[in-house]
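Order-wise, the sequence lines are chains A and B.
In this text, residue positions in the first sequence follow this note's numbering: the first is 1, and each later residue adds one.
In this text, residue positions in the second sequence follow this note's numbering: the first is 1001, and each later residue adds one.
Idealized CB from N, CA, C, for every residue including glycine.
Since the structure is predicted, the reported quantities are computational estimates derived from the model, not experimental observations.
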Amino acid sequence: MNDALVPVKSDESRDKLIQLVSFNLDQEEYGVDVLKVREIIRMPNVTRVPNTPSYVDGVINLRGKVIPIISMRKKFGLMEVDNDKQTRIMVMDVEGELMGFIVDAVSEVIRISGSEIQPSPAVVASGIDQECIAGVINQAERLLVLLDLEKMFSGDERQLFASM
Amino acid sequence: MPPFDSEDQELLEGFLTETTELLEKLDDDLVALEKASDDPELLNRIFRSIHTVKGASSFLGFDLLVKVTHKTEDVLNRLRKGELAVTSEIMDVILEATDLVKVLVSDIKAGEIQEREIDGTIAKLLPLLSENAAAPAPAAAEPASGTSQQAAAEPAAAPSPEAAPAEPPPAPVTQEVAPVPPPKPAGDAVAKKAPVPKPAEGKGEDLSDNTTVRVDVKRLDDLMNQVGELVLERNRMIQLNQDLQQGDSERLDFNEEFGKLTKRMSFVTSELQMQVLKMRMIPVDKVFKKFPRIVRSLARDLGKEVDLQIFGEETELDRSVVDEIGDPLIHLIRNAMDHGLETPDERVAAGKPRVGTLILAAVHEGNQIIISIKDDGRGIDTDRVGRKAVEKGLVSEDQLAAMSQREIFDLIFLPGFSTKEKASDLSGRGVGMDVVKTNIKKLNGLIEIKSEKGLGSEFILRLPLTLAIIQSLLVEVEGEVYSIPLSSVLETLRVEQRMFHMVGGQEVLKLRESVLPLMRLQRKFNVQQRYENDDFCYVVVVGAADKRMGLVVTRLVGQQEVAIKSLGNYLANIPGIAGSTILGDGRVTLIVDPVGLIDDGEGAPGR
Chain A
1 MNDALVPVKS DESRDKLIQL VSFNLDQEEY GVDVLKVREI IRMPNVTRVP NTPSYVDGVI
61 NLRGKVIPII SMRKKFGLME VDNDKQTRIM VMDVEGELMG FIVDAVSEVI RISGSEIQPS
121 PAVVASGIDQ ECIAGVINQA ERLLVLLDLE KMFSGDERQL FASM
Chain B
1001 MPPFDSEDQE LLEGFLTETT ELLEKLDDDL VALEKASDDP ELLNRIFRSI HTVKGASSFL
1061 GFDLLVKVTH KTEDVLNRLR KGELAVTSEI MDVILEATDL VKVLVSDIKA GEIQEREIDG
1121 TIAKLLPLLS ENAAAPAPAA AEPASGTSQQ AAAEPAAAPS PEAAPAEPPP APVTQEVAPV
1181 PPPKPAGDAV AKKAPVPKPA EGKGEDLSDN TTVRVDVKRL DDLMNQVGEL VLERNRMIQL
1241 NQDLQQGDSE RLDFNEEFGK LTKRMSFVTS ELQMQVLKMR MIPVDKVFKK FPRIVRSLAR
1301 DLGKEVDLQI FGEETELDRS VVDEIGDPLI HLIRNAMDHG LETPDERVAA GKPRVGTLIL
1361 AAVHEGNQII ISIKDDGRGI DTDRVGRKAV EKGLVSEDQL AAMSQREIFD LIFLPGFSTK
1421 EKASDLSGRG VGMDVVKTNI KKLNGLIEIK SEKGLGSEFI LRLPLTLAII QSLLVEVEGE
1481 VYSIPLSSVL ETLRVEQRMF HMVGGQEVLK LRESVLPLMR LQRKFNVQQR YENDDFCYVV
1541 VVGAADKRMG LVVTRLVGQQ EVAIKSLGNY LANIPGIAGS TILGDGRVTL IVDPVGLIDD
1601 GEGAPGR
């Protein structure tokens, strides 16, 4: 499934229909593979966890399971804003582990065909790691940035956690 | 390995469980036999065990196993009939044979039968079966007429003590002992798979694993009963909710009913928790059982005489803990045997009985289990330990001079520390005690050393009963709640801030006779200040292994039993945090890792 997100030239993947969940972050629209999204919840109480990278907001209790919460804005180096009624946590499966990502708002589930995915231009947005952008989708009015969650945390960051 | 169909698989599993149990018991019995060689009851039991293994293996067609057990059984039979007398040499051979049996069984368990080299061990057993090897005379140097050619090449019926098999795995036997018949030609069906027989040096010790548990049917029934209760209470709860929704019940009624329900629920769940915990409990015997054998081998290797006494082996603790304490205990026992106990001659010279005593005891105390390893040997020589530590550059002269006796004892836990001039097979590499400390800390346990020069030493381990659910102390740090495992908490104090002193940039508190280093959790965890500075604060004194430290917190919230939840891989290694738990209101609370904090505190300036 993951392969389909990467702009591969193979014909099969180009014609494949992909469902994406789109969400907003600082006036931009992003999309992630719907199969990665487990649920979308409102902001619960977040317990702060000391000595973690700044974009780790803390942990929450998701029906008896403790999962980390990542602020997408902080992760992408965007300006921080207060949470409002639109703020949501997208609980996603990142390499077999559940993680919650705070986004400004979740809009809808869209269907696109693989052929609509274009490789990302050299600079999409400042601050966002090029690494985790799987491509952009140009659909009439809108421009969607397709995220690859597996690449969300670079090797260095993983190392950091492992050695901490 | 021949493919088993499902029915055979069941048979095989039954065989493995039974055999494993028999073999575990066997080691113990054999060592006991050496001490009480005239106990016919014991001898018969041993004989029966081996016989059972033989019978079952021949039924299932494990030929190698049959061969070894058959010969062992024959030797035991002669012992039983009084044609042979129990000697250490004979025991060595029998123990070697049982080790081989264990290796073979573990092969079967692993699902892969290997062509093991068994003839060497059998060759050692054979002479014991010849007529001449009768009675106490061990030196049947003359090859017996009745035995085969192999025996003719056998140098002596009983190997000299030096040739005694090394512990733990049977020495890669034979080569020097006897020319063994060459492996069967590779026409043999099994030999095709593994043409070269492997010498039997697998890990027979690991035979017992804890992946399956046998649970008393009664306990299982009790559990089912409790689950039934729980279901009833749930139904009651649903009913109450419905009534409330439909406005059927008066508010007052509801309150009363709900109060009752809560009580019953809490009763049922704690019962349930106890029962599940009990199922996970296994007697510490599981670990203690292998020590007589280890002590016997060590004593023979070191030329020491030891009387090992075991108490409280029926004491139960959680599987998770049982799995972890084996290693530290082996190190502590080795340490006591090697460093603690003197040789018989030294003991006599010191006016002590020739035979040293080693006591291994386990006992419950509240929510902890206490294991003690005590010897009546020479005790810890603080001068010598101190000198060594200085020599190795682990502490400076000045530091040493300021150390209390207890702190000097603690030096032996430093990595790389050893008072032995030369590393032996057993110890002297300075890894042993280091391992003990790390493992005990991992279990949230404490170690205490008591020792008096010339009289002996005692190592006392305090361990929590289980690792899954813990008693914890909830504390508040500027509005954030943290949970500290109660097993590490020694005491709590309410102190005025002005009682704190500074020593070399480190805050300390004078607590009775000692000086306690302090750590402000607020600073450690970067908690934002929320309250006005108060004159009073609370200090939670925590201990890990042999260290003490005071954690400064704003307020104590209370005690609670909490279930440990992992933070997942991503946040697994946060310093000072051991995990998390969920409180009654659904909030997540982090569990403080006192061990990590204390280690960290050591690296802080001023220490």
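**Report entry** Partners in chain A for Leu-1571/B, counting only beta-carbon separations shorter than 8 angstroms
**Finding:** What Leu-1571/B touches in chain A: Val-49, Thr-52, Val-56, Val-59, Pro-68 and Phe-161.
Report task. Can you give me the Cβ contacts of Ala-1135/B inside the same chain, cut-off strictly under 8 angstroms, excluding the 5 residues immediately before and after it? Result -> Residue confidence for Ala-1135/B is low, a pLDDT of 45 falling below 50, so the modelled location carries little weight; the figure read from the coordinates is stated next. Excluding residues within five positions, the ones whose Cβ falls inside 8 angstroms are Glu-1083, Leu-1084 and Ala-1085.
Query raised in the report: Under a Cβ-count criterion, where at least 16 other Cβ atoms within 10 Å of its own Cβ denotes burial, should His-1331/B be classed as buried or exposed?
Result: Sixteen is the threshold: when 16 or more other Cβ atoms of the shown chains lie within 10 Å of the Cβ of His-1331/B, as they do, the residue is buried.
Query - Helix, strand or coil at Lys-1618/B [DSSP, three-state] - result: Nothing about residue 1618/B can be reported from this structure: the residues present for chain B run from 1001 to 1607 only.
Query raised in the report: Who are Ala-1361/B's beta bridge partners in DSSP?
Result: Its beta-bridge partners are Phe-1311/B and Ser-1372/B.
Query raised in the report: In chain B, which residues lie less than 7 angstroms from Gly-64/A when you measure between Cβ atoms?
Result: Simply Ile-1582.
Query raised in the report: In chain order, which alpha helix (DSSP H) runs of at least 4 residues are fully inside the region 1005-1076 of chain B?
Result: You should have 1006-1035 and 1040-1060.
**Report entry** Tyr-1482/B burial status per 10 Å Cβ neighbour count (16 or more: buried)
**Finding:** With 16 or more neighbouring CB atoms inside 10 Å of its own CB, Tyr-1482/B falls in the buried class.
Requested in this report: Please name the residue or residues paired with Phe-1291/B in a DSSP beta bridge.
Outcome: Under DSSP, Phe-1291/B shares a beta bridge with no residue.
Query raised in the report: Which of helix, strand or coil does DSSP assign to Ile-110/A?
Result: Annotated three-state conformation of Ile-110/A is strand, per DSSP.
**Report entry** Host beta strand (DSSP E) of Lys-1510/B (start-end)
**Finding:** For Lys-1510/B, the uninterrupted beta strand (DSSP E) run begins and ends at 1506-1511, by DSSP.
Query raised in the report: Fully enclosed by the region 1439-1519 of chain B, which beta strand (DSSP E) runs are 3 residues long or longer?
Result: Listed in chain order, the complete beta strand (DSSP E) runs (minimum 3 residues) inside the region 1439-1519 of chain B are 1446-1452, 1456-1464, 1469-1477, 1480-1485, 1489-1496, 1500-1503 and 1506-1511.
Query raised in the report: If we ignore side chains and look at the alpha-carbon of each, how far apart do Leu-1060/B and Lys-1054/B end up?
Result: Between the alpha carbons of Leu-1060/B and Lys-1054/B lies a gap of roughly 10 angstroms.
Query raised in the report: At which residues does the alpha helix (DSSP H) containing Gln-86/A begin and terminate?
Result: Gln-86/A -> no alpha helix (DSSP H), and no H or E assigned at all.
Query raised in the report: By a C-beta neighbour count over all protein chains shown, 10 Å radius and 16 as the cutoff for buried, is Gly-1014/B buried or exposed?
Result: Gly-1014/B counts as exposed, since fewer than 16 other beta carbons sit within 10 angstroms of its beta carbon.
Query raised in the report: Using the C-alpha atoms, what's the distance from Glu-1496/B back to Pro-1168/B?
Result: Confidence at Pro-1168/B is low in this model, with a pLDDT of 41, below 50, so its placement is unreliable and no value can be given for it.
Query raised in the report: Does any CB atom of chain A fall closer than 9 angstroms to the CB of Leu-1473/B?
Result: Residue contact check for Leu-1473/B against chain A: no CB pair falls below 9 angstroms.
Query raised in the report: Under three-state DSSP, which class holds Gln-1560/B?
Result: Looking at Gln-1560/B - three-state DSSP - the assignment turns out to be strand.
**Report entry** Within-9 angstroms CB hit, Leu-149/A to chain B
**Finding:** For Leu-149/A, the closest Cβ of chain B is not nearer than 9 angstroms.
Query raised in the report: In three-state DSSP terms, what is Asn-24/A?
Result: Correct three-state label for Asn-24/A: strand.
Query raised in the report: Applying a beta-carbon distance threshold of less than 9 angstroms, which residues of chain A neighbour Thr-1589/B?
Result: The contacting residues are Thr-47.
**Report entry** Best match in Leu-1521/B, His-1070/B, Ala-1578/B and Gly-1596/B for proximity to Lys-1547/B [C-alpha to C-alpha]
**Finding:** Closest by alpha carbon: Gly-1596/B.
Query raised in the report: What residues in its chain sit with their C-beta under 8 angstroms from that of Thr-1589/B, if we drop five residues either side in the sequence?
Result: Contacts found: Leu-1474, Val-1481, Tyr-1482, Ser-1483, Val-1562, Ser-1580, Thr-1581, Ile-1582 and Leu-1583.
Query raised in the report: Going along the region 80-91 of chain A in order, which residues come within less than 9 angstroms of chain B, judged by CB to CB distance?
Result: Per Cβ criterion, the list is empty.
**Report entry** Cβ pair Val-1540/B, Val-1553/B closer than 9 angstroms
**Finding:** Yes; because the gap between Cβ atoms is below 9 angstroms, this pair is in contact.
Query raised in the report: Are Gln-1239/B and Val-1268/B closer than 9 angstroms when you measure CB to CB?
Result: For Gln-1239/B and Val-1268/B, no; Cβs fall outside 9 angstroms.
Query raised in the report: Can you name the residues of chain B whose CB is closer than 7 angstroms to the CB of Glu-116/A?
Result: What Glu-116/A touches in chain B: nothing, since even the nearest Cβ is about 32 angstroms away.
Query raised in the report: Shorter than 9 angstroms from the beta carbon of Ile-1577/B to some beta carbon of chain A?
Result: Yes - at least one Cβ of chain A is within 9 angstroms of the one on Ile-1577/B.
Query raised in the report: Since Val-37/A is in the beta strand (DSSP E), which residue starts that stretch and which ends it?
Result: Residue range 37-42 is occupied by the beta strand (DSSP E) that includes Val-37/A.
Requested in this report: Verify whether the separation of the beta carbon atoms of Ser-1451/B and Gly-1379/B is less than 9 angstroms.
Outcome: Against a cut-off of 9 angstroms, the Cβ pair of Gly-1379/B and Ser-1451/B comes out as a contact.
Query raised in the report: For Glu-97/A, which residues in chain B fall below 9 angstroms Cβ to Cβ?
Result: Simply Gly-1568, Asn-1569 and Tyr-1570.
Requested in this report: Check whether the Cβ of Ala-1604/B lies closer than 9 angstroms to any Cβ atom in chain A.
Outcome: Because the pLDDT at Ala-1604/B is just 42, under 50, the model does not fix this residue reliably, and the value given afterwards should be weighed accordingly. When Cβ-Cβ separations below 9 angstroms define contact, Ala-1604/B makes no contact with chain A.
Requested in this report: Consult DSSP for Gly-1326/B and reduce its assignment to one of helix, strand or coil.
Outcome: Three-state result, Gly-1326/B: helix.
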